[in-house]
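Q: Numbering (the working numbering), first residue to last: 59 to 697.
A virtual CB, placed ideally from N, CA and C, is assigned to each residue, including glycine.
It should be emphasised that the depicted structure is a prediction, and the values quoted were computed from it without experimental measurement.
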Amino acid sequence: MKQLLMRSAFAVAALGLCAATSAAGLIPEPNANAVPYATQANPETLVLDASTAGRGFATSTMEIPVRPGPFTFVYPQWIPGYHAPHGPLADVSQIKVSANGQPLAWHRDKVDMYAFHVMVPQGVDSIKVQFTVLLNGGTSRRASPNVAVLTWTRVLFYQNDINYHHYYLKASVILPKGWGYSTALTTESRAGERVNFKEEPLNYVGDSPLFIGRYYKKVLLWHHGDAHMWLDMFADAPQDLDVPAKIIDAYKNVPAEAFALYGSRHWYNYHALLSLSNKISFEGVEHHQSSDNRAPADFMTNPTAQLVMGDLVTHEFSHSWNGKYRRPWDLTTDNYQIPQRTDLLWVYEGMNQYLGDLLSFRAGIRKPSLYPQYLAAIYTQMATEPGRDTTPLIDLTTGAPYYYDQGRGQYPSIRRGAGDFYTEGELLWLDVDTIIREKTHGKKSLDTFLHLYSAPKLTGPVTKTYTRAQIEHLLNEVVPYNWHAFFQRHVYEIAKLPPTGELKRSGWRLVYTAKPNPFTKAVAGMFHMDSQWLTYGFNIGRNGALTDVREGSPAWKAGMAPGMKIEAVNGQSFTPKVLNYMMVQAEHHAQPTKFEVSQDGWFHTIWVSYFGGPRYPHLVRIPGTVNMLAKIMAPHAKH
Ligand SMILES: [Zn+2]
């Protein structure tokens, strides 16, 4: 999964559990041992009428195999990739159940609201269940008049307590007239607008989202024998599919760079599904043979969008190896109702944040020479966060289901958020990479570890679990080092600073200058925000609304708070340019800056004592050292 961060000094498109070393099985699991009535020969069938997707809803009709007597069907709650029990129950409406054409009474469980009970009459071997699913409910919009992102886990009920590797589902979709579709599922037949897919185990169908749309373009990025990788784009406007050849060429480098990085493949045909729409919320969700990427309309045509969010597709693609093939043991479950433990997300998402970025630079989606400036920005973001004095990374991963909601609250820098184990994870795994490179004099790297981690070279989409101890053991095979103490220090205990050794070890030094950092600048432009985290100590929207104030900063000491709006600076109406001018003035004249702010209808004057001038982070080379970052981010595959 991907996090879009827009809070601290820098917004990173990041945008996917402590008992990790204890033996699997110690945590009691809910039952996944019920006999599945839906078999390959007699699967549950699901027909999704998505002909109304452009109007924001679809209708799902299922035939669920049953036996007479009490029967419980459930709605998926813990969806792999989301790391939270967020199955969107509130988007389910108009539930109707019948057996042999007769309505059947149902009631919801009083404790587990994802479960529904019926009494199946004698002589009945399947029940029909129908409901309407709202596509744009809650906080995340999934359908526009021209594109819809459909995921089967949102549109189905299934038998309670089964193991979803052994429960079969046969899915069909009815498309809006003239729309195209793309999915990792195998198309078995098509009649008019109805497409029937081959029956598959439920876990695989649930892992295979379906993108549909009026305007689409499918680009073959790579093929070898029967194996293919596609980039399937669905846009609100046809002109957003006119992607410059240079950008497409960079995406064509991605598969070869991933094979060089991992030395293996665990999929047969892979579809990177990509919506290009300003109506559909930004998102990235990993799957084994596909990925669900939702980006702004100009994502593939605007070079700045590629600079800011260019790791979206590479991050999700990398998850096919790291997250889908290799997965934390306690995050791996047998159905959607069993809670997932998220503590090891510092490997699953933290390492993937590094690898997704690394692939975007190696493939040329972003210029490798820019990585040091990117690193300066994310290091500074993590190093200046007050919440790290009390909250270790392990609490952020263990509490991930709640920390993912941090964007909705105030003072996210005090509370910290799920984005931190992505961003800090990148620093952590870059640190690991540079330690391996230094200790082996450049002969080995994190790539060496990843080849072991993702062995053997070729399998289908299966899952191999890991524990923290196994990760440390594998790293020790690459190079002996006290990896347990290393992760203990940086992940499991309060760490006042993020991993820092990687900067010097890779031949670079952090400095602050008045020159804007190119990444910070691109992010500010794209998200209409202005970060003054290192100066006054606040982040503001372009309209002057404060989104966060850093504890201990000049703005904090003066009494500023999120929710205030800066109306004027030293008597002039607020604009980012005026603010910058006044900051330079304060540096030269040592006068506090006068802010007029409004807050819930009241106006205040606040004087902020900051005299340091503009400050932005940069990395500069340490003369006479090896530029390890250039080696890491250079292309590794033969193109
Ligand atoms: Zn992810």
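Name the residue from S109, A163, Y133 and H286 whose alpha carbon lies nearest to the alpha carbon of A173.
A: The shortest C-alpha separation from A173 is found at Y133.
Q: I want to know whether the region 479 to 494 touches the region 410 to 420 - three or more CB-CB distances under 8 angstroms.
A: Judged by Cβ distances under 8 angstroms, the region 479 to 494 makes contact with the region 410 to 420, as three or more pairs qualify.
Q: Which word fits Y460, buried or exposed, when buried means at least 16 other C-beta atoms lie within 10 angstroms of its C-beta?
A: Y460 comes out exposed.
Q: For N601, does the count of other Cβ atoms within 10 angstroms reach 16, so buried, or fall short, so exposed?
A: Exposed.
Q: Is the beta carbon of D298 less than 8 angstroms from the beta carbon of D356?
A: Cβ distance < 8 angstroms, so D298 and D356 count as in contact.
Q: Taking DSSP as the reference, what is the three-state secondary structure of V176?
A: DSSP places V176 in strand when its eight states are reduced to three.
Q: Using a threshold of 8 angstroms, state whether the C-beta atoms of S266 and Y328 are closer than that.
A: No, Cβ-Cβ distance for S266 and Y328 is not below 8 angstroms.
Q: Helix, strand or coil for M59 per DSSP?
A: Residue state, collapsed to three classes: coil.
Q: Just to confirm before moving on: does the CB-CB distance between I185 and A163 stay below 8 angstroms?
A: No; because the gap between Cβ atoms is not below 8 angstroms, this pair is not in contact.
Q: Measure from the alpha carbon of G670 to the alpha carbon of each residue in A318, L279 and T651, then state which is nearest.
A: Among A318, L279 and T651, the Cα nearest to that of G670 belongs to T651.
Q: Could you check the C-alpha separation between I680 and E496 for me, to the nearest Å?
A: Those two C-alpha atoms are separated by around 16 angstroms.
Q: Below 8 angstroms, how does it come out for the region 387 to 394 and the region 219 to 228: are there three or more Cβ pairs, yes or no?
A: Touching, yes, given that three or more Cβ pairs across the two stretches are closer than 8 angstroms.
Q: For D170, name the three-state secondary structure that DSSP assigns.
A: Coil, per DSSP.
Q: M287 bridges to which residues according to DSSP?
A: M287 pairs with W280 and Y328.
Q: Any idea which residues DSSP pairs V207 with across the strands?
A: Answer is F269, bridged to V207.
Q: Could you check whether L402 and T455 sit closer than 8 angstroms to each other, using their CB atoms as the reference points?
A: Their beta carbons are under 8 angstroms apart, which means T455 touches L402 by this criterion.
Q: Does DSSP classify T455 as helix, strand or coil?
A: Three-state DSSP puts T455 in a helix.
Q: Express the C-alpha separation of S589 and H676 in angstroms, rounding to a whole number.
A: When rounded, the distance between both Cα atoms is 15 angstroms.
Q: Below 8 angstroms, can you find three or more Cβ-Cβ pairs linking the region 304 to 321 to the region 508 to 519?
A: Yes: the two stretches touch, three or more of their Cβ pairs being nearer than 8 angstroms.
Q: Give every residue of the same chain whose Cβ lies closer than 8 angstroms to the Cβ of A648, excluding the five residues on either side of it in the sequence, and list them in chain order.
A: Taken in chain order, the residues that qualify are F669.
Q: For ligand 2, I want to know if E625 counts as a neighbour, meaning its beta carbon is within less than 7 angstroms of at least one of the ligand's heavy atoms.
A: This structure lacks ligand 2; its bound ligands are ligand 1.
Q: Is it true that the CB of V405 sits closer than 8 angstroms to the CB of I529?
A: For I529 and V405, yes; Cβs fall inside 8 angstroms.
Q: What I want to know is whether the C-beta of K382 ends up closer than 7 angstroms to one or more non-hydrogen atoms of ligand 1.
A: K382 Cβ: outside cutoff for every heavy atom of ligand 1.
Q: Just to confirm, does H697 get its C-beta within under 7 angstroms of one of the non-hydrogen atoms of ligand 1?
A: Flag unset: Cβ of H697 not near ligand 1.
Q: Does DSSP classify D356 as helix, strand or coil?
A: Of the three classes helix, strand and coil, the one that applies to D356 here is coil, per DSSP.
Q: Between L561, Y326, G621 and K304, which has its C-alpha nearest G283's C-alpha?
A: Answer by Cα proximity: Y326.
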